[in-house]
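A short worksheet on the structure shown next.
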Amino acid sequence: MDRPIRVVVAKPGLDGHDRGAKVVARALRDAGMEVIYTGLRQTPEQIVETAIQEDADVVAMSILSGAHNHLFPKVVKLLNEKGADDILIVGGGVIPEDDIPGLIEAGIAAIFTPGTPTSVTIDFIKNNLKRN
Amino acid sequence: MDIKAGLLNGDKRACARLISLIENEDAQAVELLKELYSMTGNARVIGITGPPGAGKSTVTDKLAKLLRKRNKKVGIIAVDPTSPFTGGAILGDRVRMSDLNTDPGVFIRSMGTRGALGGLSKAANAAVKVLDIFGMDYIFIETVGVGQSEVDIVKLADTVVMVMVPGLGDDIQAIKAGIMEIGDVFAVNKSDRDGAERTATEIEVMLDFNRGAAYRPPVVNIIAKDNNNIDKLMEAIDDHYEYMQNSGNYKIRKRNSLKTEIIDIFKYNVVKSIEQKSENTNIIDQLVELALDKSIDPYTAALRLLKELRSTES
Chain F
1 MDRPIRVVVA KPGLDGHDRG AKVVARALRD AGMEVIYTGL RQTPEQIVET AIQEDADVVA
61 MSILSGAHNH LFPKVVKLLN EKGADDILIV GGGVIPEDDI PGLIEAGIAA IFTPGTPTSV
121 TIDFIKNNLK RN
Chain W
1 MDIKAGLLNG DKRACARLIS LIENEDAQAV ELLKELYSMT GNARVIGITG PPGAGKSTVT
61 DKLAKLLRKR NKKVGIIAVD PTSPFTGGAI LGDRVRMSDL NTDPGVFIRS MGTRGALGGL
121 SKAANAAVKV LDIFGMDYIF IETVGVGQSE VDIVKLADTV VMVMVPGLGD DIQAIKAGIM
181 EIGDVFAVNK SDRDGAERTA TEIEVMLDFN RGAAYRPPVV NIIAKDNNNI DKLMEAIDDH
241 YEYMQNSGNY KIRKRNSLKT EIIDIFKYNV VKSIEQKSEN TNIIDQLVEL ALDKSIDPYT
301 AALRLLKELR STES
């Protein structure tokens with residue numbers, strides 16, 4: 001059976017702006033995915049637990065606060081510690097160009113900065129899943 | 001991943017994966033449920049239903065926290081609607097349950113309805129079994145926001161809590177058939193708002209019509225976001241459970257649920273068999289064409305399908 005892709009859309013850290021995350025959530029929904037929306041101010045631990053309990057294929061995080069270099073890699077590390085290394089992790093938000101290589105190095109599969117068409121994100125997810 | 005071993009050893013990943021396999025109609029999941037079915041029946045199952053925005057997720061969150069203080073393990077299945085157009089869904093019930101995420105004694109799973117119309121998802125029943133086997137003491141099932149007729153929760157829960165809010169309609173709404181008939185406990189949430197008193201009274205009056213019934217559902221005024229009267233709500237849920245046990249109605253409800261479940265699985269298998277058969281023979285499409293030009297009627301067509309199925313099985 002053709003199963004829907006399950007994506008956890010999360011807002012780690014302290015910034016209170018989730019407009020972008022909601023736009024992405026809505027676009028993924030319209031692309032036929034099941035989006036588990038966590039709400040604001042999630043700790044990496046909360047995001048990881050959500051991803052595991054929801055058996056997510058993808059964790060998509062958005063940060064506008066500047067804490068991405070700390071929070072994104074932490075989520076990757078915690079997921080790996082739990083053995084959940086088959087989850088695709090992507091990030092978005094206000095991320096300086098210079099920070100992107102380091103984040104990719106840390107295990108974030110892709111970073112989508114402002115202005116990225118949602119179709120790019122959707123295609124990336126569909127083509128890079130780590131599970132069947 | 002060894003799902004069975006993981007499930008029996010408290011591994012949340014295994015539990016989560018098994019629920020996915022069920023949702024995706026994987027044959028392996030059915031085999032596992034067959035094998036472990038005898039381990040079910042230890043959890044108390046509480047349904048939380050009510051209209052959209054009534055506060056079902058918040059009520060579930062607060063009841064779960066109360067039970068965690070009593071050292072009970074809590075499973076939560078939260079259902080939100082799947083788009084009939086794209087198959088996508090926004091599952092947003094966890095937003096109100098963030099603090100429970102990292103609690104080792106809690107397991108929360110969001111599900112899309114994936115085409116089911118009764119307020120639940122088709123896999124909800126089996127997901128309850130999984131959480132039961134996983135060792136949860138209490139399992140909450142939060143339905144989609146219901147309108148008037150999504151009553152499937154009654155087949156799954158030991159106790160159905162109907163969460164209402166003030167201001168949704170007049171007293172005629174309270175006497176219509178459908179969801180108002182399935183509440184075992186009524187909670188009037190946001191009871192600090194205007195009209196709460198009246199809403200509670202209208203529900204009370206509606207419930208008093210059934211004078212002489214052995215059990216009369218209580219109405220509890222709560223303010224879930226402030227944790228106000230949540231303990232009273234839990235008490236009412238416990239009282240209902242006790243009544244069900246002592247009156248013998250618990251067994252009757254279980255028996256009815258099982259009957260429905262077996263028939264549902266049977267129907268599913270019959271439909272699946274004929275669809276599989278039709279993949280080779282195109283029998284369904286052929287019958288559709290015949291019915292289109294009125295050579296046969298849909299009733300006869302359905303009977304022919306049944307015959308077709310029998311002929312392959314004998």
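Protein sequence lines, in the order shown, are assigned to chains F and W. Residues 1 to 132 in the numbering used here are what the first sequence lists, from first letter to last. Residues 1 to 314 in the numbering used here are what the second sequence lists, from first letter to last. Glycine included, each C-beta is placed from N, C-alpha and C at the ideal position.
Residue from Gly-13(F), Asp-15(F), Leu-14(F), Lys-22(F) whose Cα sits closest to the Cα of Gly-92(W): By one-based count along the second sequence, residue 92(W) stands at place 92. Out of Gly-13(F), Asp-15(F), Leu-14(F), Lys-22(F), Lys-22(F) has the C-alpha closest to the C-alpha of Gly-92(W).
Where Val-95(W) meets chain F, residues with beta-carbon distance less than 8 Å: What you label residue 95(W) is simply residue 95 of the second sequence in a count that begins at 1. Within chain F, the residues near Val-95(W) are Tyr-37, Thr-38, Gly-39.
N-terminal and C-terminal residue of the beta strand (DSSP E) that Arg-29(F) is part of: For the purposes of this step, residue 29(F) is identified with residue 29 of the first sequence, where counting begins at 1. Counting along the chain, Arg-29(F) falls outside any beta strand (DSSP E), though it belongs to the alpha helix (DSSP H) covering 19-30.
CB contact below 8 Å: Ser-314(W) versus chain F: Counting from 1 along the second sequence, the entry for residue 314(W) is found at position 314. Confidence is the limiting factor: at Ser-314(W) the pLDDT is only 49, short of 50, which leaves the residue's position unreliable, though a coordinate-based value still follows. Judged by the 8 Å Cβ criterion, Ser-314(W) is not in contact with chain F.
Contacts around Gly-178(W), its chain only, beta-carbon distance under 7 Å, and the 5 residues preceding and following it disregarded: Stepping through the second sequence from its first residue, residue 178(W) is reached at position 178. Same-chain partners within the cutoff: Gln-148, Ser-149, Val-151.
6 Å Cβ shell around Ala-10(F) - same chain, five flanking residues per side excluded: Mapped onto the first sequence, residue 10(F) falls at position 10. Excluding positions up to five away in sequence, the list reads Thr-38, Gln-42, Ile-47, Met-61.
Under 8 Å by beta carbon: chain B residues contacting Ile-52(F): The structure shown contains no chain B; its protein chains are F and W.
Proximity winner among Ile-76(W), Arg-70(W), Glu-204(W), relative to Val-45(W) (alpha-carbon distances): Residue numbering aside, residue 45(W) sits at position 45 when the second sequence is read from its first letter. Per the Cα distances, Ile-76(W).
Asn-221(W) - partner residues in DSSP beta bridges: As a first step, residue 221(W) is located in the second sequence; it is residue number 221 there, counting from the start. For Asn-221(W), which the question treats as bridged, DSSP gives the partners Val-188(W).
Those residues which DSSP pairs with Val-160(W) across a bridge: Position 160 of the second sequence, counting from 1, holds the residue named residue 160(W). DSSP, once it has assigned bridges, lists Gly-47(W) as partnering Val-160(W).
The region 77-104 of chain W: positions lying closer than 7 Å to chain F by Cβ: Ser-83, Thr-86, Gly-87, Gly-88, Ala-89, Ile-90, Leu-91, Gly-92, Arg-94, Val-95, Ser-98, Asn-101, Thr-102
Supposed close pair Ala-16(W), Asp-57(F) - CB separation, criterion 8 Å: Indexing the second sequence from 1 puts residue 16(W) at position 16. Indexing the first sequence from 1 puts residue 57(F) at position 57. No, Ala-16(W) and Asp-57(F) are not in contact; Cβ-Cβ is about 12 Å, not under 8 Å.
Buried or exposed (CB count within 10 angstroms, at least 16 for buried), Ile-153(W): Here residue 153(W) is taken as the residue at index 153 of the second sequence, counted from 1. By the neighbour-count rule (16 or more Cβ atoms within 10 Å), Ile-153(W) is buried.
Limits of the beta strand (DSSP E) - the one that Asp-293(W) falls within: Counting from one through the second sequence, the residue named residue 293(W) turns up at place 293. Careful: Asp-293(W) lies outside any beta strand (DSSP E) and carries neither H nor E.
Three-state secondary structure (DSSP) of Ile-237(W): What you label residue 237(W) is simply residue 237 of the second sequence in a count that begins at 1. Helix, per DSSP.
Entirely enclosed alpha helix (DSSP H) segments - the region 52-122 of chain F, minimum 4 residues: 68-81, 100-105
Beta-carbon spacing of Gly-93(F), Leu-103(F) below 8 Å: Here residue 93(F) refers to the residue found at position 93 of the first sequence. Here residue 103(F) refers to the residue found at position 103 of the first sequence. No.
Whether Asn-101(W) touches Thr-50(F) by CB criterion (8 Å): For the purposes of this step, residue 101(W) is taken as residue 101 along the second sequence, with counting starting at 1. For the purposes of this step, residue 50(F) is taken as residue 50 along the first sequence, with counting starting at 1. Yes.
6 Å CB neighbourhood of Pro-166(W) in its chain, flanking five on each side removed: Counting from 1 along the second sequence, the entry for residue 166(W) is found at position 166. Taken in chain order, the residues that qualify are Arg-193, Gly-195, Ala-196, Thr-199.
Any C-beta of chain F under 8 Å from that of Asn-9(W): To locate residue 9(W), count along the second sequence from 1; it is residue 9. Cβ-Cβ to chain F under 8 Å: no for Asn-9(W).
Continuous beta strand (DSSP E) stretch holding Arg-109(W): start and end: As a position in the second sequence, residue 109(W) is number 109, starting the count at 1. Where Arg-109(W) is concerned, the enclosing beta strand (DSSP E) stretches over 106-112.
Cβ shell of Arg-29(F) (< 7 Å), same chain only, five flanking positions each side left out: Residue 29(F) sits at position 29 when you count from the first residue of the first sequence. Result list for Arg-29(F): Val-35, in chain order.
Partner residues on chain W for Leu-28(F), Cβ-Cβ distance less than 8 Å: Position 28 of the first sequence holds residue 28(F). Result: Gly-88.
Chain F contacts from the region 104-122 of chain W (Cβ-Cβ distance under 7 Å): Phe-107, Ile-108, Arg-109, Ser-110, Gly-112
Residue from Leu-303(W), Gly-88(W), Glu-204(W) with nearest C-alpha to Asp-2(F): Residue mapping note: residue 2(F) aligns to position 2 of the first sequence, counting from 1. Comparing Cα positions, the closest option is Gly-88(W).
Test item: CB-CB of Ile-141(W) and Gly-53(W) under 8 Å: Position 141 of the second sequence, counting from 1, holds the residue named residue 141(W). Position 53 of the second sequence, counting from 1, holds the residue named residue 53(W). No. Outside cutoff.
For Ser-295(W) and Ser-314(W), the rounded distance between their alpha carbons: Numbered from 1 along the second sequence, position 314 holds the residue referred to as residue 314(W). Numbered from 1 along the second sequence, position 295 holds the residue referred to as residue 295(W). Per-residue confidence for Ser-314(W) stands at a pLDDT of 49, beneath the threshold of 50, marking its modelled position as unreliable; the derived number appears in the next sentence. Between Ser-314(W) and Ser-295(W), the C-alpha separation is close to 28 Å.
Identified DSSP bridge partners for Arg-6(F): Stepping through the first sequence from its first residue, residue 6(F) is reached at position 6. Partner(s): Glu-34(F).
Short CB-CB distance (under 8 Å) between Arg-19(F) and chain W: On the first sequence, residue 19(F) is found 19 positions in, with the first residue counted as 1. No, its Cβ sits nowhere closer than 8 Å to a Cβ of chain W.
Outcome for Tyr-138(W) when other beta-carbon atoms lying within 10 angstroms are tallied against a minimum of 16: As a position in the second sequence, residue 138(W) is number 138, starting the count at 1. Buried, by the Cβ-count rule.
Of the residues Ile-5(F), Pro-44(F), Arg-26(F), His-68(F), the one placed nearest Met-33(F), counting alpha carbons only: The residue you call residue 33(F) lines up with position 33 of the first sequence. Looking at the Cα atoms, Ile-5(F) is the closest of the given residues.
Reference Ala-187(W), options Gly-212(W), Ala-224(W), Met-39(W), closest by Cα: The residue labelled residue 187(W) in the question sits at position 187 within the second sequence. Answer by Cα proximity: Ala-224(W).
Residues of its chain near Ala-25(F), where Cβ-Cβ distance is below 7 Å and the 5 sequence neighbours each way are ignored: In the first sequence, residue 25(F) corresponds to position 25, counting from 1. These residues qualify, in order along the chain: Val-9, Val-35, Tyr-37.
Local Cβ density within 10 Å of Pro-84(W), reported as buried at 16 or more and exposed below that: To locate residue 84(W), count along the second sequence from 1; it is residue 84. Its Cβ having fewer than 16 others within 10 Å, Pro-84(W) is exposed.
Best match in Asn-189(W), Thr-40(W), Gly-212(W) for proximity to Met-162(W) [C-alpha to C-alpha]: Here residue 162(W) refers to the residue found at position 162 when the second sequence is read from its first residue. Among Asn-189(W), Thr-40(W), Gly-212(W), the Cα nearest to that of Met-162(W) belongs to Asn-189(W).
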